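Before any comments, here is the structure.
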Amino acid sequence: MSVSAALRRTRPSIRVRLTLLLGGAVLACGVLLLVTVYALMRYLPDYAAPSTPLAPNAIPPGALVRPAMRSSIATRDDFLGVLLQVSGLALAGLALVAFVLGWIIAGRILAPVHRITSTARTVAGDNLHERIQLGGRRDEFTELADTIDTMLDRLHDSFEAQQRFAANASHELRTPLATTRTMLQVALAHPDDHELAVLGPKLLATNDRSITTVESLLALSRADHGITDPRPVDLAAVAEGALEQVRAEAAAAGVEVRGEPHPARVDGDRDLLHHLVLNLLQNAVRHNHRGGGARLSVEVADGSVTITATNTGDDLTAADTGELFEAFRRHRGRTGTRGHGLGLTLVRAIARSHGGTAGAAPNPGGGLTVTVRLPEAAGPARGRSSAG
């Protein structure tokens, strides 16, 4: 056992320390008062005692005078001695009462702490539904309890989100693997009924889906951990590369893609920013209709870079746009449910990892407009790029 652990085991509880503190404070004040009174009485002017004893008829009738006391208190020193004895007894009683009251008061003060500790111990036992819910007047303890309750709410929501994400990710990864296994089993069971020219593209498409999902999950994990080594990135060049990468898919889907990437620089991770722009374009193309259009723009204003992706498509509501940023959530409409459901989730995660924001709004005529805002890099942008 370490020295610090041994000291913690031998250290008295807070209630004992509060009791000693309160009782000790009262005792110290009593001692100080006793010393002060004794000193004042000690140094008062000395008055001579009467040389002749009092006459018997000088004592008022009915007065209770103890001969021993009258004969023992003859001088000032005798009086101070009796005062010291009586005050000492009173001080001892006062100290006893102070320690008892201190113990009771400390227990009442620390009662909310015991409740908070009990709740925290229950939560530590995998019961995230438990809350403190401390009532009473607003004070430091209620503020602490409310703060812990808020933290527990966020932890509970995060834990449930992680559980849903893990379940959805397992399903997304298991589905293509199960499909591949089924096709291979059927082909091996009936080799004469399947040609490689037909089976190969199907297996390749299924494999591409698995690779895309894994890459998106890896990018999402990197974005959640933040940017450790940000570097200046030419966002216009990244946008041009993403536009060229998505043109073939857009042409096959019958969607016209236009780009207006103005010169812009941000500090961050180039690969993650490429994922951000590419997912914006893929979302705009895949959730579109034949003959529709998609537009990507990159602009700089007021120290921030704005990336906007606008596309035609199904009519959406504000509630639909809010759900689109959830992992593995696909909008089911006339344009289908292509994709792995991580596009806009990844966009928001990468934007936040770069200190930015991501939001979406439905277009009046159908489709969606996704807006990403990132802080502009220090220093002027270099070069000028354009894409048609």
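Each step along the sequence shown adds one to the number in this note's numbering, with nothing skipped, and position 272 is 260.
Each residue gets a CB set at the ideal place from its N, CA and C atoms; glycine is no exception.
Nothing here was measured: the structure is a model prediction, and the numbers come from that model.
Option nearest residue i by Cα separation, candidates the options
| i | options | result |
| --- | --- | --- |
| valine 286 | Asn271, Leu264, Pro189 and Ala307 | Leu264 |
| leucine 84 | Thr105, Ala13 and Ser158 | Ala13 |
| leucine 269 | Ala306, Gly344, Glu228 and Thr309 | Glu228 |
| aspartate 308 | Thr357, Leu72 and His117 | Thr357 |
| threonine 298 | Arg283, Ser292, Val288 and Thr305 | Arg283 |
| alanine 306 | Ala365, Thr130, Pro352 and Gly247 | Pro352 |
| alanine 349 | Leu206, Leu332 and Leu231 | Leu332 |
| threonine 168 | Val88, Ser198, Gly347 and Asp217 | Ser198 |
| glycine 214 | Asp222, Gly343 and Thr24 | Gly343 |
| glycine 281 | Ala239, Leu304, Glu148 and Ser146 | Ala239 |
| glutamate 248 | Ile93, Val288, Asp302 and Gly11 | Val288 |
| alanine 224 | Ala252, Val186 and Thr138 | Ala252 |
| threonine 105 | Asp66, Thr63 and Asp137 | Asp137 |
| leucine 68 | Val245, Thr24 and Gly81 | Thr24 |
Alpha-carbon spacing of residue i relative to residue j, whole angstroms
| i | j | result |
| --- | --- | --- |
| methionine 171 | leucine 191 | 8 Å |
| arginine 5 | threonine 107 | 24 Å |
| glycine 354 | histidine 277 | 10 Å |
| asparagine 195 | proline 189 | 10 Å |
| leucine 312 | isoleucine 338 | 15 Å |
| asparagine 267 | glycine 291 | 24 Å |
| glycine 279 | threonine 135 | 53 Å |
| tryptophan 91 | threonine 7 | 5 Å |
| leucine 132 | arginine 125 | 13 Å |
| glutamine 233 | alanine 272 | 14 Å |
| glutamine 151 | serine 158 | 11 Å |
| isoleucine 295 | leucine 205 | 22 Å |
| histidine 275 | glutamate 203 | 20 Å |
| arginine 3 | tyrosine 26 | 34 Å |
| aspartate 302 | valine 174 | 38 Å |
| proline 359 | threonine 345 | In the sequence under discussion, the amino acid at residue 359 is threonine, which differs from the proline named in the question. In a straight line, the C-alpha of threonine 359 is about 8 Å away from that of threonine 345. |
| leucine 187 | proline 218 | 44 Å |
| alanine 185 | glycine 242 | 26 Å |
| glutamate 118 | histidine 250 | 52 Å |
| leucine 52 | leucine 89 | At leucine 52 the pLDDT is 46, less than 50, meaning the model places this residue with poor confidence; the figure from the coordinates comes in the next sentence. Their Cα atoms are separated by approximately 37 Å. |
| valine 226 | valine 293 | 13 Å |
| arginine 109 | leucine 77 | 46 Å |
| phenylalanine 147 | glycine 310 | 20 Å |
| arginine 246 | glycine 347 | 21 Å |
| leucine 165 | glutamate 244 | 33 Å |
| glutamate 314 | threonine 216 | 25 Å |
| arginine 162 | aspartate 127 | 52 Å |
Contact belief for residue i with residue j at Cβ below 8 Å, rounded distance in angstroms
| i | j | result |
| --- | --- | --- |
| arginine 103 | isoleucine 120 | 6 Å |
| histidine 144 | leucine 98 | No, histidine 144 and leucine 98 are not in contact; Cβ-Cβ is about 27 Å, not under 8 Å. |
| glycine 18 | leucine 79 | 5 Å |
| valine 101 | leucine 140 | 17 Å between Cβ atoms; not a contact. |
| histidine 262 | alanine 236 | Contact flag wrong, Cβ pair sits at about 17 Å. |
| leucine 15 | serine 75 | Wrong, their Cβ atoms sit about 13 Å apart, outside the cutoff. |
| proline 401 | aspartate 255 | This structure gives no information on residue 401, because the portion of the chain shown stretches from -11 to 376. |
| leucine 334 | alanine 211 | 7 Å |
Cβ-based burial, residue i [other Cβ within 10 Å; buried from 16]
| i | result |
| --- | --- |
| arginine -4 | Note that arginine -4 scores 49 on pLDDT, short of 50, meaning its location in the model is unreliable; the coordinates nonetheless yield the value given after this. Exposed: under 16 other Cβ atoms inside 10 Å. |
| histidine 178 | exposed |
| proline 0 | exposed |
| phenylalanine 129 | buried |
| serine 341 | buried |
| aspartate 257 | buried |
| glutamate 364 | buried |
| arginine 336 | buried |
| threonine 300 | buried |
| aspartate 180 | exposed |
| alanine 86 | buried |
| leucine 122 | buried |
| glycine 11 | buried |
| alanine 366 | exposed |
| aspartate 222 | buried |
| leucine 362 | buried |
| leucine 20 | exposed |
| leucine 304 | buried |
| alanine 94 | buried |
| valine 70 | exposed |
| alanine 193 | exposed |
| alanine 207 | buried |
| threonine 63 | exposed |
### Query
Which whole runs of the beta strand (DSSP E) in the region 202 to 232 are 3 residues long or more, in chain order?
219 to 222
### Task
Starting from the N-terminal side, write out each stretch of the alpha helix (DSSP H) that is 4 residues or longer and does not extend beyond the region 260 to 313.
306 to 311
### Task
Kindly provide the ranges of any beta strand (DSSP E) runs that are 3 or more residues long and lie completely inside the region 53 to 117, ordered along the chain.
none
### Message
To test your reading of the DSSP string, which unbroken alpha helix (DSSP H) runs of 4 or more residues are found completely within the region 325 to 367?
### Response
331 to 341
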